[in-house]
Structure formats: structure tokens, C-alpha cells
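Contents: one structure, followed by commentary.
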Amino acid sequence: MDIEAIRRYCLEFPHSTENVQWGCDLCFKVDGKLFLVTPLEPAPVRLSFKCDPEVFAELCERPGIRPAPYMARAQWVSLEQLNTLPDSELRELIAASYRLVFERLPKKRQQELMGKSGTTPPASGKSKRKPQRAGSRAKRAKAGK
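Take any residue in the sequence shown, count from 1 to its spot, add 43: that is its number in my numbering.
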């Protein structure tokens with residue numbers, strides 16, 4: 044993917060915005076919260092985005108990927124080249140970054156944003172369902188539900 048393809052893809056997400064910050068960094072945000080950064084001028088890092096902790100650890104072991112400067116403590120990684128990852132994998136990781144940031148917004152704000160567009164963030168590959176407590180199941184069984 045090139046910068047223009049990444050830009051088009053990021054702007055497809057509901058309520059995604061772009062702006063240039065820090066001189067020459069193209070930033071993509073949801074509700075003012077950063078989910079992807081790419082420099083517009085030559086730099087040692089070509090693309091940075093947020094990951095969940097497991098993915099962060101796995102990606103940092105791969106060549107051409109490193110913890111993002113200033114943002115590694117928040118599980119951000121940086122790619123040294125745009126072609127470090129296959130396009131399909133990069134798209135999945137960008138969508139996951141957007142989703143992670145969206146899910147950290149206050150629930151009320153998430154509902155307001157989803158209500159405005161009628162859309163939800165890209166689906167996750169993982170189930171977010173909470174495990175059910177055994178006591179709750181037993182109570183429902185007794186009640187005949």
C-alpha cells in the first residue's frame with residue numbers, strides 16, 4: 044500500500060478524520076483520538092499504529108517492525124517500510140487500531156457516534172463476549188428460563 048491507499052482506507056472508517064500535525068505527520072483520528080500516523084517527508088519510520096498487547100509483542104519480533112518512538116508503552120508499532128507487511132495484513136492491523144481506539148472512547152460517546160452514522164466499527168476477529176458466571180446459569184435453569 045502507498046500513502047494514498049492508506050489514506051483512502053483510513054477515511055473509510057466511520058467518523059475518521061485526517062490532519063497534519065508536528066510539521067509533516069499525517070494523522071488519522073476517530074473523535075480526536077489518534078489511530079495511525081505516517082510522515083509525509085522521508086523519515087526512519089514510515090507508518091505507526093496501535094495494537095493489542097499480544098499483537099504488539101509478535102510484531103516487534105518481525106524484521107522491519109519496531110516499537111513506536113514515544114508510543115511503545117501504549118502498544119504502538121512502527122513500520123520501517125510501507126511494504127514490510129502484505130497489504131491484507133496491514134489493512135487488518137489498521138482496522139484493529141481504529142477499533143482499539145474507538146473502544147476506548149466513553150460508551151456514551153461511542154453510542155452517539157454510532158447513532159449519527161448508523162454504522163459500527165470494523166468487526167474484530169476475536170469474540171468480545173464475557174464469560175457467564177455459573178451461578179447465573181443455575182438461577183435461570185431453576186427459574187425455567
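Each residue gets a CB set at the ideal place from its N, CA and C atoms; glycine is no exception. Every value quoted in this text rests on a predicted model; they were computed, and no experiment measured them.
{"Item": "Residues near F99 by beta carbon distance below 7 Å, same chain, minus five either side", "Value": "Q118, V120"}
{"Item": "The segment 75-89 in contact with the segment 140-155 per 3-pair CB rule at 8 Å", "Value": "yes"}
{"Item": "Rounded distance between the beta-carbons of Y52 and I137, thought under 8 Å", "Value": "6 Å"}
{"Item": "CA-to-CA distance, A139 to C189, given in whole angstroms", "Value": "In the structure as shown, the chain starts at 44 and stops at 188, and residue 189 therefore has no counterpart that could be examined."}
{"Item": "Presumed contact (8 Å Cβ cut-off) between L54 and V63, rounded CB distance", "Value": "Wrong, their Cβ atoms sit about 14 Å apart, outside the cutoff."}
{"Item": "Residues near R134 in its chain [Cβ-Cβ closer than 7 Å; skip 5 each side]", "Value": "Y52"}
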